[in-house]
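Have a look at the structure below before the remarks.
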Amino acid sequence: MMVKNKPTAHHTQLKKHAPRKPAHKHREQAPRPQKKHAAQHRAPQKKHGDNDLLKNVAIIVLALALVAVLIWAFTNDKSLTGRHQATPNASLASTSDFDIDPAVTAAMQELADDNPYMGSPDAPVTVIEFADFQCGYCGLFWKETLPHIKEQFIDTGIVKFVYRDFAIYAQKAAEAAQCAHEQGKFWEYHDLLFANQQAQDENSLKKYAADIGLDVTAFEECLSSGKHADEVRTDGLAATENGFGGTPGFIINGQKITGALPYQDFLGSICAAVPTAEPCTDIVQFTVTVLSDEACTGCDVAGIKATTTSLFPGATYKDVDASTEEGQELIEQHQLEYAPAFLFPQDVAETMTWESQPEIQGHFIAIDDGYRLKDASIGAAWPLNEEAQEAYRNRFETYAGENLDVLGATSDKPRLDYFVMAFCPYGNPADEAAAAVHGLLGDAVDIVPHYIIGLQDGQMSSLHGVGEGNQGVRELCALEEYGYDAFFSFVEATNAQCASGNVETCWEAAAAAGGLTESQIAGVNACFDDRWTDITTAQSTTNYALRTINPRNQHELIPPLSSPTFLINGEAYLGSRDAESLKQALCDAFVGGEEPSACGTTLTQDAAASSGSC
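Position 475 (the sequence shown) corresponds to 465 in this note's numbering; numbering is contiguous.
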């Protein structure tokens, strides 16, 4: 078989252990970054040298109701090494320097257990990360956020940073890291694992041990013995007991944070505990004027404000409606075409965020008295001109029919098109829901899966790696060759047993466990080899030609490129994602009360339907 191995680009009660229950799925990558400044202080006059700048282009996505993701790339930085090693610094902060509740400190110490950490053992703030070495979002945090926390808070003695395993996929890699920990080199090994998320087979794990100068014989004996397996599982149970269903998850002096959020989000949580710490002071204050239009029901500016505050904590807001005299003056003065519009004063250029992250400046346009966020950066799409508004409304009335034309839909049956990534944790429950609906309604409805994959310079492109994209092609092959029963059995088996990093060696056994015969597995292989390019191209071309309502910015039509996305009869479906809700939406689409009697059956689903997306 030919393998397309093409490279892709709250405060909470803390609990140390957990009852045994299944871990929730996550799916989901990153060389070690280095330092930048705390992102909201007033900028110093001198510029930084080239050694502080990243070689890769960084981007920031500012979108409605989305937390921005900042991507920096940095020059390499030496991480702390050794077992429980504190950062050498003569002027480290300590708990006594700040007003920290002793009960919080004690609870965090208990939760940290004897796990590896960076920083001072007496730091006033403890940050505990639960992560998986094969989780791409964990790699994103390691690459883009942790270096800032390290420079500003760990190296200065303010934060003790603890790593605990939540090994949903990378059990053996987690054990290997603990074996490296025995020899005092956990953090070097930790960094190599995150820098090589696509190569964590046993031979690679042994190679990394040699790369960092471990006693390889002792390492191999440790790894083969499985002596740390229970310890890794115990960490995972502690993660679920503390409310985490995926990775990464963090607890900061009792406050939970989930996801690979930008540094500024962590800055806010840390500074809430130690507001007088140096990185938390001297914040530039300014007011952002926000122009919106009450006629635009989808112009929810709250998400953009939240993102702006995370980047510029000194920002406050003045809201102006387009229908007012002041609004009309702003429209004329700045030649505004779309709402919402975010107008910043010159003071924004004095912040450290602005000075130290020049890529952010690319999302602003200079205006007479400051700066404006670009329409494309925030999804501003509501026309401020009345004629354009009418055309805009008409577009929303016709897009569903245009979608059906793109899809080549000719049947009168209610139709569900759903769009997923093979190893997106939010998309996998959509597969289960679609399978349940198909099992109930059968041929009375059309259910069509799509995969968010593409080709870039002839190479597979998929969010969670080449393996994910290849698996999407294989699953479509199963559908084309053997029908829906085989397709859903195959999908559910690989969702449960495989991940993007190991799917090339995992999928055949998973398929067999799911009930596919040897002949069917061979047929999937043959289809994959023969039709890989055609299927991938067709998926990408179709997806980009379709339109759905952006669920986070509901006055904007976008391609269905988030997993999962649903269309029912070509129209965006933004309701609940569980099997019963999807079934009911399809049953409601039958014309003239012709829905089958099966519509009266209530469906249940094992996996909880999530509101997240990849």
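Just so you know, even glycine gets a beta-carbon here, dropped at the ideal spot from N, CA and C.
Residue closest to residue 362, alpha-carbon to alpha-carbon, out of 375, 377, 330, 347: 330
Environment of residue 375 [buried if 16+ CB atoms lie within 10 Å]: exposed
Residue span of the beta strand (DSSP E) that contains residue 246, given as start and end: 245 to 248
7 Å Cβ cutoff met for residue 123 and residue 160: yes
Coarse secondary structure for residue 455, derived from DSSP in three states: coil
Straight-line gap, residue 292 to residue 419 (C-alpha atoms, nearest Å): 29 Å
Option nearest residue 439 by Cα separation, candidates 451, 516, 469: 469
Identified DSSP bridge partners for residue 440: 409
Beta-carbon spacing of residue 557, residue 358 below 7 Å: no
Straight-line Cα distance separating residue 436 from residue 632: Residue 632 lies beyond the range of the chain shown here (-9 to 604); nothing can be said about it.
Three-way DSSP call (helix, strand, coil) for residue 423 in this model: helix
Residue nearest to residue 273 in terms of C-alpha spacing, selected from 226, 337, 332: 337
Helix, strand or coil at residue 610 according to DSSP, with G and I counted as helix: Lying before the first or after the last residue shown, residue 610 is absent from the chain, which here runs from -9 to 604.
Cβ pair count under 8 Å reaching 3, the region 115 to 134 against the region 146 to 153: yes
Segment limits, alpha helix (DSSP H) that includes residue 525: 508 to 535
Extent of the continuous beta strand (DSSP E) run through residue 284: First-last for residue 284: undefined, no H or E at that position.
Spatial neighbours of residue 555 in its chain, beta-carbon cut-off 6 Å, leaving aside the 5 residues before and after: 409, 538
For residue 240: DSSP bridge partner residues: 119, 247
Inter-residue Cα distance where the pair is residue 417 and residue 495: 22 Å
For residue 490 and residue 275, the rounded distance between their alpha carbons: 45 Å
Under 7 Å between C-beta atoms of residue 389 and residue 250: no
Alpha carbon of residue 308 to alpha carbon of residue 284, nearest angstrom: 15 Å
Exposure of residue 181, with buried meaning 16 or more beta-carbon neighbours within 10 Å: buried
Sequence-distant residues of the same chain with beta carbon closer than 7 Å to residue 476, five excluded per side: 468, 506, 510
Between the CA atoms of residue 110 and residue 172 - distance to the nearest angstrom: 20 Å
Proximity below 7 Å, CB of residue 132 to CB of residue 184: yes
Sequence-distant residues of the same chain with beta carbon closer than 6 Å to residue 43, five excluded per side: Residue placement at residue 43 is flagged as unreliable, the pLDDT there being 24, under the threshold of 50; a coordinate-derived value is accordingly withheld.
Given residue 270 as reference, the closest of 500, 257, 280 once Cα atoms are compared: 257
8 Å contact criterion, which residue 487 and residue 500 should meet: CB distance rounded: 4 Å
7 Å Cβ cutoff met for residue 573 and residue 427: yes
Residue 526 burial status per 10 Å Cβ neighbour count (16 or more: buried): buried
Contact set for residue 323: own chain, Cβ-Cβ below 8 Å, skip 5 residues either direction: 358
Neighbourhood of residue 212 by C-beta, 7 Å cutoff - its chain only, sequence neighbours within 5 removed: 169, 172
Test item: CB-CB of residue 351 and residue 300 under 7 Å: no
CB of residue 205 within 7 Å of CB of residue 154, strictly: no
Endpoints, the beta strand (DSSP E) within which residue 397 is located: Careful: residue 397 lies outside any beta strand (DSSP E), inside the alpha helix (DSSP H) at 376 to 397.
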